[in-house]
Amino acid sequence: MVHIQKAKHTAKFNDISEIDGGKEDLRIKARVIRMWKVPAFSNPSEYSSLETPIG
8 MVHIQKAKHT AKFNDISEID GGKEDLRIKA RVIRMWKVPA FSNPSEYSSL
58 ETPIG
């Protein structure tokens, strides 16, 4: 049996209060609370996007 050790991340996440229009690179941690598929308008059997509100 082979054990692979995961690299530990020491990345700093930005606070929500730090989000503004001037920053281009942010690192946030979020939890997806619900996800659903949105059918394409022209062909309802195909999906055009995934909607994921985060909380």
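Each position in the sequence shown, counted from 1, maps to that position plus 7 in our numbering. The C-beta atom is built at its ideal place from N, Cα and C for all residues, glycine as well.
- Distance between Asn50 and Ser56, taken at the CA atoms: about 13 Å.
- Within the same chain, and ignoring the five residues on either side of Ile26 in sequence, the residues whose Cβ sits closer than 7 Å to its Cβ are Leu33.
- Taking C-alpha positions only, Ala18 is separated from Val45 by approximately 33 Å.
- Distance from the CA of Ser24 to the CA of Arg38, rounded to the nearest whole angstrom, comes to 17 Å.
- Per DSSP, the continuous beta strand (DSSP E) segment holding Lys44 begins and ends at Trp43 to Pro46.
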